[in-house]
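Going line by line, the protein sequences match chains A, B, C and D. Quick note, the first sequence lines up with residues 1 to 111 if you use our numbering. Quick note, the second sequence lines up with residues 112 to 432 if you use our numbering. Quick note, the third sequence lines up with residues 433 to 1037 if you use our numbering. Quick note, the fourth sequence lines up with residues 1038 to 1509 if you use our numbering. First the structure, in the form of structure tokens, and then the observations on it.
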Amino acid sequence: MIPYYYLGSISLVVIGIYIVIAKKNLIKIIIGLDIMDTGVNLLLISVGYVKNATAPIENVPGPYVDPIPQALVLTAIVIGVSVMALALSIAIGIYKKTGTLELDEIMGVEE
Amino acid sequence: MIVDWLIQAGLVALYLFLAVVIGLLFMGIARKVTARVQNRVGPPVYQNFLDVGKLLAKKTNIKHNWIFDFAPLFALAGVLLALAYLPMGGYKMLSGEGDLILLLYIMAIPALGFALGAGASANPNAGVGVMRALMLMLSYEMPFLLVLLALMIFYNTASLSTLLEKQMSFAWGIVALPISALAADLALQGMMMEKPFDIPIAPHEIASGPLVEFGGKYLGMLMLYSAGSIVLETTLFVDLFLGGGVVLNPAHYGIIAYVVNYLVWFVFIFIVWMIAVLINAVFPRFRIEQAFKFYWKWPTVIAILGLIQAYIMSVFMGVVP
Amino acid sequence: MDALTLFGIFILLPLVGALLSYFGRKYAPIIALIFVAITGIFLYVWYGNFGSYTVDIGVKLNLTFDITTWFFMLMINTVIFSSLLFAVSADLKNAGGFSTLMLLGFTGANGVLLSRDFLSLYLFWELMSWSVYVLILRTSGEYARRYLLFGVLSAYFIIMGIGIIYYYTGSFLYEDALSGVIPYYAWAWILVFLILGFGVKMAIIPLHVWAPYAYSSEQPFVSFLSGGLSKLGTFGIYMSMYSIAGVGILDSFGTFRGVSLLGYPFALLGAITAFVGTILAIFQDDIRKLLAYSSIGQLGYVMVGLGLGTSLALGGALFHAFNHAFFKSLLFLGAGAVIYRTGKYKISEMGGLGYRMPFTFLFVLFAIFGLAGIPLTSGFISKWMLYEAAIEKKFVIIAPLMLIASVGAFLYSYRILYGIFLGGLKEEHKKVKEAPAPMLAAMFILMLPLLIFSIVPGWILGWINDVLTNTGLKPIDYTQFTYYSSIGGANMATFWIAFMVLFFVAVAIFIMKRARVVNQYDNYFAGEAPSSVALHAAHNYYKPLKDTWAPMLKYSVDRAYEKFSKFFVDGFYEIKKIYTGNPQDYAAYLGIAFLIFLIIGWWLL
Amino acid sequence: MIRPVLLIAFPLFFAFLSPIIGLWSKKWVRYLIIFATALNATLAGLLLLEVFQHPVFDIIGGFQPPLGIVLMVGPLGAIIAFIINLVAFIISIYNLKVEKEPIVRYSMLYLLLVMGSTGMVLTGDLFNLFVFLEVTSIASYSLAAYNKDKKGFLGAMKYVIIGSIGSTFVLLGITLIYSELRTLNMLDIAARIGTMDPYVKIIAFTSLFLGFGVEAEMFPLNTWVPDVYDGAPNPISAAFASLPAKAGIFALARVIFTMFSFTNFLWFVVIMGLLTVFFGELIAYTQKNLKRMLAYSSIGQMGMIIMGLGIGTTLAVEGAFYQMIAHALGKALLFIAAGFLIYAAKSDKIEDMKGMARNPLVGIPLLIGALSIMGMPPFAGFYGKFFILMGGFSEGYYAIIALFLAASIVEVAYYARFIKIVFEKGNRVIRPDAATYIPLILLAILIVLIGVYPKPILAVLQHVSAFITGGA
């Protein structure tokens, strides 16, 4: 069965999706996306957890946690950041063009 | 082989010549009978021979263009060809070489040639006349084809000579398929363009329709054509339904049989012709829509009944003549 | 002759020709003509050695050159040769594009005829159908669109048929289809799909709607389309019924007086097509539409022959397809010559052209004789065989429909003759010249077979006999001049001799006196003042007949199709609502999709 | 020996070179793109030739598998990479016509897009696949909004939302797989997939299938496609239709076949494919705007490819990959032609484009492209469609194939209507300039070449699809 301590990250993902679907404001949607992304990153990190092991740094002794997810999560975070930056710049663009960030007004104005 | 081929050709030529003469005679008789019915004296019986002679001897013949000559050539040649393929008075002519469907299409040659010539005369009356003639053809062909189909299905043959033999051995068409015979007679009235179906050559409305521009030798030849077509249509009816007038079997009695059969055939076609002429004498002229609706209603129903009867007899009851 | 030469001559050569003739500008038809002539010569030279080969172009194409292919190729090759010869002098706009597409269509046709496996059949069939589409596009986009819809419908019917065979046998070859694996009900589906697929090309009644539109594009192309390409439909149905399935399978559906129960409904459909096609043709005023409906009618006859399936009926169908290829393309070329000279399409606007264009008139007259089935042309023999086949088997619904349809053919034939060539010559057509020489030559080529095979039917009946025996059917009984059925026969030699003699007799009577030529206005007008304007009675020619048929003419298949497609298009607009344009709905779709996938995944485990 | 990693390094290098050249002269930046993509195309071509002998492995950064990033290039990956780079090169010629000023940023993003798509196709490592997917997505988001007008921004917004949810799911899938198998190398995963806990396996498969489905334009996930293609500048929508979409489909194929060999799940993929075709084609019929129509039609075509993959027999998968190639070429051609038509008619409504394509330089390639998309013979689209249909029949999917044929009749209907309007006798015929008709003619020639003589491509595909489906 999926270990129970994954529930934290999965709940984060669900909250993220809920925000994207429910909230009307564009910025809130972007925040929702970010929450979802962090949720999965959290899951990625927790996969590599080994009982009472320390961070995999060069000169720190003792058993190490599995280093691969650490590396993966680094790239995932960088990607998350860049996507968020891009989304925000697009939101600014929309704001310039439509003067509002509320999704209904944008949708209403479109056709 | 060439000798008896020549004899046959000579006999065919003789029968054709006699047919045309009988045709002209019938036209004379028809004019006399209609006159008598409308209690006036009417021209002498040989009047048509004089007309044809006069027309063919005319010096001034008016023609419009080379297509105009098609009419008399095709008309006369076509009707003679059709007559050649039709057993007359028991002598089977060329009918051994071709069957009913070939005859049906050969009968179309004179009609089409005549229509071409009329069309070329640039007289709108002629065009309208031909249109009416073709529409009339479409109307009377419906029952007529059903009748032919009934005969072919019942006697299980399409060749006229075998049809004659089968009628001789089994029973005449009119005895076996009386309903089809009735439908055929109604169709015959339209085929021969006798009133009430003489719409295409209606003298009052479109100045005798297709014939309007024909004069002199053209009209003469077309008269020979109509004489031939009278004998053609009546003989067709007699061959299909009255055993072609064959009473004595030529195999047993030789030449006498041919003569007797010829006389019996002559009497039969005269009776059929008289039926048509008498109807013609008393009937007014239909409009073309009426004629079309008439033919595609009653005669077609009768013909279909005849066809069903023939179908049942030949397929279910297994009657094989 | 090995695989490569066969593939090269009949497929690669025309393709190369198509490429070359595009750059030929004005002389493109001549270049195309040369390529077609080459294939024609090889067709003549290779009459004897037949054989089947496979060519690998990434996929295996099985090409077989046998008598059936040769017979149909003879038709298509001659028809395209004369169409291109006609096009040489018809100065079409962008003649380069025209000849390229004609050669592409020709390649497709050759490919369909040569192919003995479903992949190459479908490949060449689609190639031929889209090259026709682009050719029609040159005249009108709308007509081309309607044609392509039916073209694709026919292709997809064929695909369905092929697919079912492929499901059972796993191979595309024709002969593998008979490996006895396919159950009897599957054969019913296969044959219905294949016949409907090929039937679209032969414009059978419910699927004929594209024909009047497709036939009103450039005349030389239309003569190839209706004369040549519609024969592919005949070839397709003939092959799928009698070579792929074979008489055994057909009879396994039960026979009704010797005719398979699967074939009979299609024969009935053919008879109805003949009748309705002819009736509709009578009322058309546009010469192209009239010829289109008449072509539908004539192909209805061929469908009857194919449906009945007795060797006489099939012989009649093949012979009638042969005749139709020639007299129909001759008619279209004749109409094309008239349109080329006068620029008018409506019959009532022309009149009296026979005096100005005598040769075109004679050729069209001869084609009309062929169409109507007058015994002077071979058209009669094929119709005779079809009638005899129907009457022999005592079919009391098919035979009357066919007979009445042929009488109807007289009506619209005369409408063409009178409306265009006879009657009064209009003012503006006074100086119309005869059609240019290449056009007349093209028409002459098409006229020859109709005449020759009427005098000596033995030759072509010999070919047809080989075709029938090649596909394993019983031969038809015929001799050099005569042809027989079980209930009658006819001898063309005596017919021609009798006709010549009697014609001579009529001429003898005729030439006794000379006749004086008079101009067209010197008519007998029963006392009215003759008008100087040429009166022409061709306008709304069969009005009384139209009035009697009016209640029937209300229903039209075209409108039925429009209503049918309207219903679907409204449905499309409903579906469009799913794409609301709001990203939140889209995100919701994503979530729902994920859940559905999970559930299905679980359920499958 | 061509190291596949060059195919990724060069575009990256040129992408970051372009701002420097940009300082010197704007014109040269455009030529830079053409040079870069041309170099990439030739490299991919050479790689393809080499790959015929043996699959090429390329270890990056010295880490040995299963940890290091490994580029595993099979013949299929090579051919798709070659087609992607070739189409990118041809579209880059058309890029010369892009008027919008910041050309430097345009070239960077374009080259990143090319790199991302090529990377997705070549990589053998799952996480690497995710990284390249992200690179492509980011490049696509910004390119979608490149026009800086309302339509562009809205399209980009939708793409960002759906795209990032999709990539989150991909990451979710990867983590689940990693949690069980502790490896990211695809071949390794494929070998040991059986040992995974079935429930985790299902969630992982579904999330990966969903994630890549977004990129592969599957039915419920392709809602962003019409708005993005409509909003993006013309060359970009052409690039979208052929580069990322193909990479997405390829990734999907890998997920379905190489990693998870779920045979009993395939029928569901076929149904999803059919739904995609249905919605794509039917709504395309209702579209008045040309680019949206082409977008929906490309959804339809992608649905057909998904259906081909779902059917699963060697013939159908072969047809699917063949169709992938044909669709890349065909759609690129149609979008470039659409670009010209919109430029000539000054509006993107189809009705206003009366007679714009009468010039043979545009008309003939447009006709060839449309006919190839419809699946007409001597063009590339024919074999793909035919094999998918025959594959479907051999698996007994009669009803589904019949519905698919009905949908493709609708497809023919709206293409014929489009061709009718565009070829009607309009008023003035506009001559296209070199940058437009050269790519059109090049693509048309390619389509005809692949269509007339399919032997080389089929040889590769037959060998590959047998390997992928394990001869299913």
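In this text, a Cβ means the ideal position worked out from N, Cα and C, and glycines have one as well.
- Taking one beta carbon from each stretch, the stretch 162-170 of chain B and the stretch 405-420 of chain B have fewer than 3 pairs nearer than 8 Å; the two do not touch.
- Judged by DSSP in its simplified three-state form, Asn955 (chain C) adopts coil rather than helix or strand.
- Measuring C-alpha to C-alpha distances from Ser89 (chain A) to each of D:Val1262, D:Ile1127 and D:Phe1190 identifies D:Phe1190 as the nearest.
- Assigned with DSSP and collapsed to three states, Val431 (chain B) falls in coil, not helix or strand.
- With respect to chain D, the C-beta atom of Phe1026 (chain C) has a partner C-beta closer than 8 Å.
- Straight-line measurement puts the Cα of Leu1289 (chain D) at about 16 Å from the Cα of Ala1118 (chain D).
- Residues of the stretch 1304-1327 of chain D that bring their beta carbon within less than 7 Å of a beta carbon in chain C comprise Phe1305, Phe1316, Leu1319, Ile1320, Tyr1322 and Thr1323, in sequence order.
- Contact between the stretch 1039-1057 of chain D and the stretch 1255-1266 of chain D is not established, with fewer than three Cβ pairs separated by less than 8 Å.
- DSSP places Tyr485 (chain C) within a strand segment (E or B) once states are collapsed to three.
- By the Cβ rule, the stretch 1321-1330 of chain D does not count as touching the stretch 1276-1296 of chain D, because fewer than three pairs are nearer than 8 Å.
- DSSP places Ala1407 (chain D) inside the alpha helix (DSSP H), whose first and last residues are Pro1397 to Met1411.
- For Ile133 (chain B), no Cβ of chain C is located within less than 8 Å of the residue's own Cβ.
- The DSSP-derived three-state label of Ser649 (chain C) is coil.
- Taking the CA atoms as reference points, Glu105 (chain A) sits about 14 Å from Thr1012 (chain C).
- By the beta-carbon neighbour count (other beta carbons within 10 angstroms, threshold 16), Leu205 (chain B) is buried.
- Neighbours of Val50 (chain A) in chain D, taken as residues at a C-beta separation under 8 Å, are lacking, since the least C-beta distance is about 12 Å.
- Chain-order list of chain D residues neighbouring Lys97 (chain A): Asp1186, Lys1187 and Phe1190, by C-beta distance under 8 Å.
- Distance from the CA of Leu135 (chain B) to the CA of Tyr157 (chain B), rounded to the nearest whole angstrom, comes to 8 Å.
- The alpha-carbon separation between Thr742 (chain C) and Ala749 (chain C) amounts to approximately 10 Å.
- Less than 8 Å separates the beta-carbon of Ile779 (chain C) from that of Ala970 (chain C).
- Put simply, the stretch 791-800 of chain C does not touch the stretch 895-911 of chain C. Fewer than three CB pairs are less than 8 Å apart.
- Taking a C-beta cut-off of 9 Å against chain C, the contacting residues of the stretch 1247-1281 of chain D are Leu1247, Gly1250, Val1251, Met1255, Phe1256, Pro1257, Leu1258, Thr1260, Trp1261, Pro1263 and Asp1264, listed in chain order.
- Buried is the label assigned to Leu1404 (chain D), since at least 16 other Cβ atoms lie within 10 Å of its Cβ.
- In the DSSP assignment, the residues bridged to Glu102 (chain A) are A:Asn25.
- When secondary structure is reduced to three states using DSSP, Ala298 (chain B) falls in the helix class.
- Residues of the stretch 1333-1346 of chain D whose Cβ lies closer than 9 Å to any Cβ of chain A: none.
- Among the CB atoms of chain A, one or more fall inside 8 Å of the CB of Leu1209 (chain D).
- Per DSSP, Ser917 (chain C) lies in no alpha helix (DSSP H); the unbroken beta strand (DSSP E) holding it starts and ends at Thr914 to Ser917.
- Taken through DSSP and simplified to helix, strand or coil, Thr1205 (chain D) comes out as helix.
- When only Cα atoms are considered, Val123 (chain B) and Val371 (chain B) end up about 18 Å apart.
- Interface residue (Cβ-Cβ distance to chain D less than 8 Å): Asp104 (chain A) is not classified as such.
- The residue among B:Gly201, B:Phe403, B:Val131 and B:Trp177 with its C-alpha nearest the C-alpha of Asn159 (chain B) is B:Val131.
- Here Phe181 (chain B) is actually not in contact with Lys306 (chain B); their C-beta atoms are around 28 Å apart, not less than 8 Å.
- When secondary structure is reduced to three states using DSSP, Asn494 (chain C) falls in the strand class.
- For Ile173 (chain B), the pairing in a beta bridge is given by DSSP as C:Arg948.
- Between the alpha carbons of Gly365 (chain B) and Val378 (chain B) lies a distance of about 21 Å.
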